[in-house]
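Novice: Per my numbering, the very first residue in the sequence shown carries number 373; after that it's consecutive.
Quick one: this structure, given as structure tokens, is what I'll be asking you about.
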Amino acid sequence: MNIGCHISIAEGIGNAPERAHDLECECFQIFSRSPQGGRTPELTPEVVEYFKEEMRRTGITNAYIHAPYYINFASTNNRIRYGSVSVIRDELERGSALGVKYIITHLGSGKDLGKEAGIKKAAEMLAQVFDGYRGSAKLLIENSAGAGDVIGDTFAEIKAIIDSLASDHIAGVCLDTQHSFASGYDWRTPESFNETTTRIDREIGLDLIKVMHANDSMTPLGSRLDRHEHIGAGYIKEEGFRLIIALANERNIDMILETKHPGVKNDIRFLKLFRDKLING
């Protein structure tokens, strides 16, 4: 398994591998466009080739794209809902061009439709995303922190959507440690860790975890709040991350930090230290 972090594309997508390498990343995540909206950077053949060349030069094999924050497949606003379909389809095409394996997305909120109807609508819109798609990049659904009627705060909800689609274009989930902790999944002790992994395996299957977002939590267990903290400085603490690292290493799951710069560099070193102690004894 590889350890890395989210990398800015402010200086261009092609420069992301070098910026990741400078932070001692073994893998990394980017936005391929502004997460808040606005102009989408063009992926010319020259940009694509430069990105791939830089991946080869730095020796980084795995990169991931996070979809914009405004995605909402369950909105009652047609512009937002169908816009989300268009953006995710485009992200899959852009990821395929860059050689990125997975696109990671949230599903949105069912606040206007209600949770159950929102889940059904999200599945319906995802089916439209995949209609006619022939690219190589696959989609991962990220679990949410659970505020309001947000969709995907339990892995059972995500599994219901994946099962209803039965599509090869959706590979599984990106497990965010902070979001799951805020939704009541407790990673902190060996006992609670085992209970949590048993629950996740029952709800969706551990094999469907393809990537992890490694974030400690500013807020307590079950807070329903999305608040990332540096590793060991939050409520999950170092002991929780030692257990999480062991799970990721056993199952070859890459870990991406989304904590703030410049402290994220120490977080990367922390996780590597945990992993190396695990491997070397």
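Here a beta-carbon is modelled for each residue, glycine too, at the ideal position from N, C-alpha and C.
#1: Within its chain, find whatever has a CB closer than 8 angstroms to the CB of I379; leave out the 5 residues flanking it on each side and keep chain order.
#2: Is the Cβ-Cβ distance between L547 and I581 less than 8 angstroms?
#3: In this structure, does DSSP put D588 in helix, strand or coil?
#4: Going by the DSSP bridge assignment, what does Q550 pair with across the sheet?
#5: Quick one: is L645 buried, meaning 16 or more other Cβ sit within 10 Å of its Cβ, or exposed?
#6: Considering only their Cβ atoms, is the gap separating T549 from H585 smaller than 8 angstroms?
#7: Taking all protein chains shown into account, decide if D639 is buried (16 or more other Cβ within 10 angstroms of its Cβ) or exposed.
#8: Assess, as a yes-or-no matter, whether the segment 453 to 472 is touched by the segment 531 to 539 under the definition of 3 or more beta carbon pairs within less than 8 angstroms.
#9: Suppose you measure from the CA of L578 to the CA of I617; what does that come to, to the nearest Å?
#10: Would you report the Cα separation of A446 and S406, rounded to the nearest angstrom?
#11: Taking the alpha carbon of E383 as the reference point, which residue from T433, S404 and R571 has its own alpha carbon closest?
#12: DSSP three-state call for N621: helix, strand or coil?
#13: Please report the Cβ distance between D521 and S481, rounded to the nearest whole angstrom; I am assuming they are in contact, meaning their Cβ atoms lie under 8 angstroms.
#14: Taking its Cβ as the centre, do 16 or more other Cβ atoms sit within 10 Å of E622, making it buried, or is it exposed?
#15: Report the rounded CA-to-CA distance for N374 versus G431, giving the unit in angstroms.
#16: Using a Cβ-Cβ cut-off of 7 angstroms (strictly less than) and excluding sequence neighbours within five positions of T412, which residues of its own chain qualify?
#17: Which class does L395 belong to by DSSP, given the choice of helix, strand or coil?
#18: Within a Cβ cutoff of 7 angstroms, which residues of the same chain sit near G606, ignoring the five residues on either side of it in sequence?
#19: To the nearest angstrom, how far is it from the Cα of E601 to the Cα of K632?
#20: What's the gap between the Cα of F613 and the Cα of M627?
#21: Taking 8 angstroms as the CB-CB cut-off, is G507 touching chain D?
#22: Looking at C-alpha atoms only, which residue of S564, P562 and Y442 is the closest neighbour of T477?
#23: Taking the straight line between their C-alpha atoms, what separation do you get for T568 and D558?
Specialist: According to the data block:
#1: Counting only residues of its own chain and dropping the five nearest sequence neighbours on each side, I379 has a CB closer than 8 angstroms to the CB of A388, R391, A392, L395, C397, F400, Q401 and I402.
#2: For the pair L547 and I581, the CB atoms are nearer than the 8 angstroms cut-off.
#3: For D588, the secondary structure class from DSSP, reduced to helix, strand or coil, is strand.
#4: Answer is none; Q550 lacks a bridge partner.
#5: By the Cβ-count criterion, L645 is exposed, with fewer than 16 other Cβ atoms from all chains shown falling within 10 Å of its own Cβ.
#6: The answer is yes: Cβ separation under 8 angstroms.
#7: Under this definition D639 is a buried residue.
#8: With fewer than three CB-CB distances shorter than 8 angstroms, the segment 531 to 539 does not count as touching the segment 453 to 472.
#9: In this structure, the straight-line span from the alpha carbon of L578 to that of I617 is close to 14 angstroms.
#10: Spanning the two alpha carbons is a distance of roughly 21 angstroms.
#11: For E383, the nearest C-alpha among the options comes from S404.
#12: The three-state secondary structure of N621, taken from DSSP, is helix.
#13: That belief holds up - the Cβ atoms of D521 and S481 are roughly 5 angstroms apart, short of 8 angstroms.
#14: The residue in question, E622, is exposed, as its Cβ has fewer than 16 Cβ neighbours within 10 Å.
#15: Rounded to whole angstroms, N374 to G431 spans 12 angstroms at the Cα level.
#16: Answer for T412: R405, listed in chain order.
#17: Shown here, L395 sits in coil according to DSSP, grouped into three states, outside any helix or strand.
#18: Within the same chain, Cβ atoms closer than 7 angstroms to the Cβ of G606 are found at D588, S589 and M590, the five residues on either side in sequence being excluded.
#19: E601 and K632 have their C-alpha atoms some 8 angstroms from each other.
#20: Taking the straight line joining both Cα atoms gives about 11 angstroms.
#21: Given the protein chain composition of this structure (a single chain), no chain D is represented.
#22: The residue from S564, P562 and Y442 with its alpha-carbon nearest to that of T477 is Y442.
#23: Their Cα atoms are separated by approximately 6 angstroms.
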